[in-house]
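**Student:**
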Amino acid sequence: MSMSAIQLENVCFAYNGRPVLSELSLQVKRAERLALLGPNGSGKSTLLKLISGILTPSSGRILLDGRRSSAVSRRELARSIAMVPQDFVVPFSFTVREIIELGRTPHLTRWGNYSSLDRQFIDEAVEATGVMDISHRIFNQLSGGERRRVMIAMALAQKSDILLLDEPTQQLDISRQGDVLNLIVELNITRGITVVAAMHDLNLAARYFDRVVMLHRQSIAADGTPHTVLVPDFLADVYGGQLEVRTFREGASPVVLPIPRVAPREGKP
Amino acid sequence: MNLKAKPIVGPWRCETGAQISGKTERGFNVGFHLGFWTLVLLLLAAMVLAATVGATHIQLKVTALVLLNRAGLTHAPRTWSTAAETIILEIRLPRVVAASLVGGGLALAGALFQGVLRNPLADPYVIGTSGGAALGAAVGLLISTHFSVLGFGVVPTLSFVGAVCAAAAAYQLSKVGGRTSVVTLLLAGFALSVVLSYIMSLLMILNDRLQLNLRVLYAWLLGGISVTSWTQVEVIAALILTAGTLAMAFARSLNAMSLGDEMAAHLGVPVERDRVALLALGSMLTAAAVVGGGLIGFVGLIIPHAVRLVFGPEHSRLLPLSALTGAIFLVLADLLSRILIPPNELPVGILTALLGGPIFLYLLRRSKQEYRF
Numbered sequence: 019m020s021m022s023a024i025q026l027e028n029v030c031f032a033y034n035g036r037p038v039l040s041e042l043s044l045q046v047k048r049a050e051r052l053a054l055l056g057p058n059g060s061g062k063s064t065l066l067k068l069i070s071g072i073l074t075p076s077s078g079r080i081l082l083d084g085r086r087s088s089a090v091s092r093r094e095l096a097r098s099i100a101m102v103p104q105d106f107v108v109p110f111s112f113t114v115r116e117i118i119e120l121g122r123t124p125h126l127t128r129w130g131n132y133s134s135l136d137r138q139f140i141d142e143a144v145e146a147t148g149v150m151d152i153s154h155r156i157f158n159q160l161s162g163g164e165r166r167r168v169m170i171a172m173a174l175a176q177k178s179d180i181l182l183l184d185e186p187t188q189q190l191d192i193s194r195q196g197d198v199l200n201l202i203v204e205l206n207i208t209r210g211i212t213v214v215a216a217m218h219d220l221n222l223a224a225r226y227f228d229r230v231v232m233l234h235r236q237s238i239a240a241d242g243t244p245h246t247v248l249v250p251d252f253l254a255d256v257y258g259g260q261l262e263v264r265t266f267r268e269g270a271s272p273v274v275l276p277i278p279r280v281a282p283r284e285g286k287p
Numbered sequence: 009m010n011l012k013a014k015p016i017v018g019p020w021r022c023e024t025g026a027q028i029s030g031k032t033e034r035g036f037n038v039g040f041h042l043g044f045w046t047l048v049l050l051l052l053a054a055m056v057l058a059a060t061v062g063a064t065h066i067q068l069k070v071t072a073l074v075l076l077n078r079a080g081l082t083h084a085p086r087t088w089s090t091a092a093e094t095i096i097l098e099i100r101l102p103r104v105v106a107a108s109l110v111g112g113g114l115a116l117a118g119a120l121f122q123g124v125l126r127n128p129l130a131d132p133y134v135i136g137t138s139g140g141a142a143l144g145a146a147v148g149l150l151i152s153t154h155f156s157v158l159g160f161g162v163v164p165t166l167s168f169v170g171a172v173c174a175a176a177a178a179y180q181l182s183k184v185g186g187r188t189s190v191v192t193l194l195l196a197g198f199a200l201s202v203v204l205s206y207i208m209s210l211l212m213i214l215n216d217r218l219q220l221n222l223r224v225l226y227a228w229l230l231g232g233i234s235v236t237s238w239t240q241v242e243v244i245a246a247l248i249l250t251a252g253t254l255a256m257a258f259a260r261s262l263n264a265m266s267l268g269d270e271m272a273a274h275l276g277v278p279v280e281r282d283r284v285a286l287l288a289l290g291s292m293l294t295a296a297a298v299v300g301g302g303l304i305g306f307v308g309l310i311i312p313h314a315v316r317l318v319f320g321p322e323h324s325r326l327l328p329l330s331a332l333t334g335a336i337f338l339v340l341a342d343l344l345s346r347i348l349i350p351p352n353e354l355p356v357g358i359l360t361a362l363l364g365g366p367i368f369l370y371l372l373r374r375s376k377q378e379y380r381f
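Protein chains in written order, with my numbering: chain B, 19 to 287; chain C, 9 to 381.
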């Protein structure tokens with residue numbers, strides 16, 4: 019039996035004494051594509067940071083490929099897990115290429131320069147994300163969609179088996195949201211990269227991920243396919259308010275919409 | 009509706025008209041190797057020039073031959089006086105080499121502090137070293153005994169001690185629960201520096217009773233290369249070259265840290281450990297520079313910015329190029345400080361500000377894009 023890529027056992031975590039996650043257990047198989055859902059403050063980002071080792075659980079354990087992540091050095095962790103944050107502020111005018119090169123940081127020695135293998139991985143990351151034409155532009159001057167793409171390229175250059183993404187579609191317009199998620203799905207399928215993404219948008223999560231995990235009340239409230247998790251009563255319990263779940267055709271992903279209190283007028287205004 | 013994944017190369021390919029020609033949008037674009045070797049040659053030329061010009065007239069050819077003979081590269085017959093050779097090798101050259109070390113050390117320290125604190129206004133003195141050094145100098149004048157450590161008098165020695173202690177104190181004060189926040193560190197450094205320099209001002213006010221040599225203190229605060237012997241050069245060189253070489257090992261950490269502490273950790277950088285090391289190395293460079301030249305301002309602030317404008321912010325290029333540029337700049341500024349108002353010397357700190365300011369403003373205006381640090 020193959021080991022899980024990520025395994026959390028009874029993980030608890032508190033920020034300044036306020037519990038965020040308690041007794042949470044989760045297994046993610048290799049090459050799986052999983053979306054973390056939940057209302058604001060339900061601990062999606064915290065969970066990602068626990069997996070990546072930036073935060074340490076107050077109790078419980080986290081295993082990566084069967085090894086305790088607390089026993090692995092920062093550098094080694096960074097070789098197996100790459101994180102795409104919501105955004106980062108770069109005070110310097112780095113070019114896109116220079117930002118992507120930073121993805122090789124965990125593989126470089128203190129004094130060494132980029133090897134031909136490093137350069138090859140950087141080129142591959144540039145190509146896979148389609149940022150060739152903007153690689154000489156200044157990162158700070160890119161649009162939101164371009165930035166996200168470059169950040170994913172940087173994570174790819176890291177050559178890790180696990181890719182964590184924190185709200186990868188936030189602040190993108192709708193077709194850029196599709197572009198970024200298509201890229202993530204493609205990388206997951208063609209390269210077998212394990213993907214865990216915190217998602218705010220239930221509908222995009224349902225459409226692009228085969229497994230969704232709902233965080234609620236400091237733990238996992240539901241775990242399964244979008245069809246089994248995104249059901250009206252459960253969503254109303256988690257998010258509060260009136261929600262409607264529709265499936266537009268056979269086999270399509272469910273769509274969740276709030277129900278307006280006052281129905282819009284039909285026909286001409 | 010087509011839900012199948014599109015080809016990975018998406019519709020953004022043609023969004024910009026940027027050329028794939030190796031040219032960046034930074035306005036200037038000079039390759040690292042070309043820049044590095046040009047600067048090395050410029051530094052050597054500046055040093056030969058500075059060893060030639062002075063109160064005693066010596067021909068440029070003579071300086072070049074003396075230096076080449078000394079380096080064992082040529083064996084030209086001696087056509088010059090012993091006095092000329094002594095002036096070049098024992099009087100001017102130690103000072104020129106010290107100026108290059110101090111300038112290089114300050115510019116490198118500035119680049120390190122700007123990088124690790126992610127702040128464009130950071131300079132070598134940002135975490136309290138200037139206040140510590142100034143107070144150390146004042147106390148040194150107060151004691152005014154004639155002891156010397158490794159060829160240095162009491163003022164440079166106590167400045168060094170003051171600078172190192174102030175930096176260590178600022179770091180300790182900003183540590184909360186084993187971690188340092190960059191903002192707390194900046195504020196702690198600033199507050200500490202202010203307190204220390206006002207203690208120094210208090211000493212100056214009490215001067216009547218304490219008989220402080222204000223002229224010496226003032227010259228020290230404005231900065232000026234005070235190195236006169238090779239022993240002193242060796243001490244400064246040992247400190248600055250060691251700290252400088254070690255600092256190069258952190259270039260990639262600095263790059264990662266520019267994305268923020270969390271992202272740097274995601275890239276495998278032990279952030280807290282590397283930050284302590286960088287602050288220690290930067291403070292060591294600053295303190296060593298203070299020993300050789302007092303509190304020379306502006307070099308450490310503007311040289312790294314000027315280098316970034318031309319070569320970009322990537323630290324494995326920025327650090328060595330800043331050190332070289334700082335060295336050239338201070339060798340030339342020190343030369344001017346010696347020859348502008350003979351037989352007196354102008355404090356070099358005045359020149360670094362008067363020369364560096366306009367050059368930097370020109371670069372800032374010339375770059376096509378808004379400068380984003």
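Ideal Cβ positions, reconstructed from N, Cα and C, are used throughout, including at glycine.
Under 7 Å Cβ-Cβ, which residues of chain B neighbour M271 of chain C?
**Tutor:** Here the question's residue 271 of chain C lines up with position 263 in the second sequence. The contacting residues are P103 and F106.
**Student:** Which ranges does the alpha helix (DSSP H) cover as unbroken runs of at least 4 residues, wholly within the segment 248-285 of chain C, from first to last along the chain?
**Tutor:** 259-265 and 269-274
**Student:** Would T123 of chain B pass as an interface residue toward chain C - the criterion being a Cβ-Cβ separation below 8 Å?
**Tutor:** Here residue 123 of chain B refers to the residue found at position 105 when the first sequence is read from its first residue. So, interface residue.
**Student:** Given that I72 of chain B touches chain C, what residues does it touch there, using C-beta distances under 8 Å?
**Tutor:** Locating residue 72 of chain B in the first sequence gives position 54, where the first residue counts as 1. Under the 8 Å cutoff, chain C gives E270, A273 and H274.
**Student:** In terms of residue numbering, what span does the alpha helix (DSSP H) encompassing M55 of chain C cover?
**Tutor:** In the second sequence, the residue the question calls residue 55 of chain C occupies position 47. Note, M55 of chain C: alpha helix (DSSP H), F40 to T60.
**Student:** Once you ignore the five residues that flank P276 of chain B on each side, which residues in its own chain have a CB closer than 8 Å to its CB?
**Tutor:** Translated into positions along the first sequence, residue 276 of chain B becomes position 258. Only G259, Q260, L261 and E262 meet the Cβ criterion.
**Student:** So, do the segment 42-50 of chain B and the segment 25-34 of chain B have three or more beta carbon pairs nearer to each other than 8 Å?
**Tutor:** yes
**Student:** Check each candidate in C:H65, C:F155, C:A176 and C:G148 and name the one with the smallest Cα separation from V284 of chain C.
**Tutor:** One-based indexing of the second sequence puts residue 284 of chain C at position 276. When each option's Cα is compared against that of V284 of chain C, the closest is C:A176.
**Student:** Please identify the residue among B:R122, B:E142 and B:A143 whose C-alpha is closest to the C-alpha of S133 of chain B.
**Tutor:** Translated into positions along the first sequence, residue 133 of chain B becomes position 115. It is B:R122 whose Cα lies nearest to the Cα of S133 of chain B.
**Student:** Just how far apart, CA to CA, sit W129 of chain B and S261 of chain C?
**Tutor:** Position 111 of the first sequence, counted from the start, is the residue given in the question as residue 129 of chain B. Position 253 of the second sequence, counted from the start, is the residue given in the question as residue 261 of chain C. About 11 Å.
**Student:** Determine the DSSP secondary structure at H65 of chain C, reduced to helix, strand or coil.
**Tutor:** Counting from 1 along the second sequence, the entry for residue 65 of chain C is found at position 57. H65 of chain C falls in the coil class under three-state DSSP.
**Student:** At what residues does the alpha helix (DSSP H) containing Q1 of chain B begin and finish?
**Tutor:** Outside the displayed span of chain B (19 to 287) sits residue 1 of chain B, for which this structure offers no information.
**Student:** Looking at the C-beta of E284 of chain B, does it have a partner C-beta in chain C at a distance below 8 Å?
**Tutor:** Position 266 of the first sequence, counted from the start, is the residue given in the question as residue 284 of chain B. Judged by the 8 Å Cβ criterion, E284 of chain B is not in contact with chain C.
**Student:** Could you tell me the distance, in whole angstroms, from the CA atom of A341 of chain C to the CA atom of P366 of chain C?
**Tutor:** Start at 1 with the first residue of the second sequence, and residue 341 of chain C comes out as number 333. Start at 1 with the first residue of the second sequence, and residue 366 of chain C comes out as number 358. A341 of chain C and P366 of chain C have their C-alpha atoms roughly 14 Å apart.
**Student:** Who does L81 of chain B pair with in a DSSP beta bridge?
**Tutor:** Taking the first sequence and counting its residues from 1, the one referred to as residue 81 of chain B is at position 63. Its beta-bridge partners are B:Q25 and B:R86.
**Student:** Go through its chain and collect everything with a Cβ distance to F227 of chain B's Cβ below 6 Å, but skip five positions before and after it.
**Tutor:** Here residue 227 of chain B refers to the residue found at position 209 of the first sequence. For F227 of chain B, where only same-chain residues beyond five positions count, the Cβ hits under 6 Å are R51 and A53.
**Student:** In terms of alpha-carbon separation, which member of C:T90, C:V105, C:V70 and C:I96 lies closest to V241 of chain C?
**Tutor:** Numbered from 1 along the second sequence, position 233 holds the residue referred to as residue 241 of chain C. It is C:V105 whose Cα lies nearest to the Cα of V241 of chain C.
**Student:** What first and last residue would you give for the beta strand (DSSP E) that runs through S237 of chain C?
**Tutor:** For the purposes of this step, residue 237 of chain C is taken as residue 229 along the second sequence, with counting starting at 1. Here S237 of chain C belongs to no beta strand (DSSP E), and DSSP marks it neither H nor E.
**Student:** For A254 of chain B, which residues in the same chain have their Cβ closer than 6 Å to its Cβ, ignoring the five residues on either side in sequence?
**Tutor:** In the first sequence, the residue the question calls residue 254 of chain B occupies position 236. Contacts found: L261.
**Student:** Can you pull the chain B neighbours of A264 of chain C, defined as C-beta to C-beta under 7 Å?
**Tutor:** Here residue 264 of chain C corresponds to residue number 256 of the second sequence, with the count starting at 1. Ordered by position in chain B, the residues that pass the 7 Å Cβ test against A264 of chain C are L120 and T123.
**Student:** Taking CB distances under 8 Å as the criterion, tell me whether R283 of chain C reaches chain B.
**Tutor:** Sequence index remark: in the second sequence, residue 283 of chain C carries index 275 (1-based). For R283 of chain C, the answer is no, since every Cβ of chain B falls outside 8 Å of its Cβ.
**Student:** When we look at the beta-carbon of P350 of chain C and count the other beta-carbons within 10 Å, is it buried (16 or more) or exposed?
**Tutor:** Along the second sequence, one-based indexing puts residue 350 of chain C at 342. P350 of chain C is exposed by the Cβ-count criterion.
**Student:** Anything in chain B within Cβ reach of V277 of chain C, meaning under 9 Å, just list it in chain order.
**Tutor:** Taking the second sequence and counting its residues from 1, the one referred to as residue 277 of chain C is at position 269. Ordered by position in chain B, the residues that pass the 9 Å Cβ test against V277 of chain C are R92, R93, A96, T123 and P124.
**Student:** A178 of chain C: which of C:M212, C:V134, C:F160 and C:L210 sits nearest, CA to CA?
**Tutor:** Counting from one through the second sequence, the residue named residue 178 of chain C turns up at place 170. Ranking C:M212, C:V134, C:F160 and C:L210 by Cα distance to A178 of chain C puts C:V134 first.
**Student:** Kindly say whether P312 of chain C, judged by its beta-carbon, lies nearer than 8 Å to any beta-carbon of chain B.
**Tutor:** For this step, residue 312 of chain C is matched to residue 304 along the second sequence. Judged by the 8 Å Cβ criterion, P312 of chain C is not in contact with chain B.
**Student:** Please classify I202 of chain C as buried or exposed, where buried requires at least 16 other C-beta atoms within 10 Å of its C-beta.
**Tutor:** The residue you call residue 202 of chain C lines up with position 194 of the second sequence. Per the sequence presented here, residue 202 of chain C reads as Val, with Ile not at that position. With fewer than 16 other Cβ atoms within 10 Å, it is exposed.
**Student:** Note down, one range per segment and in chain order, each alpha helix (DSSP H) of at least 4 residues found wholly within the segment 62-142 of chain B.
**Tutor:** As for any alpha helix (DSSP H) of minimum length 4 sitting wholly inside the segment 62-142 of chain B, the runs are 62-70, 92-98 and 114-119, ordered along the chain.
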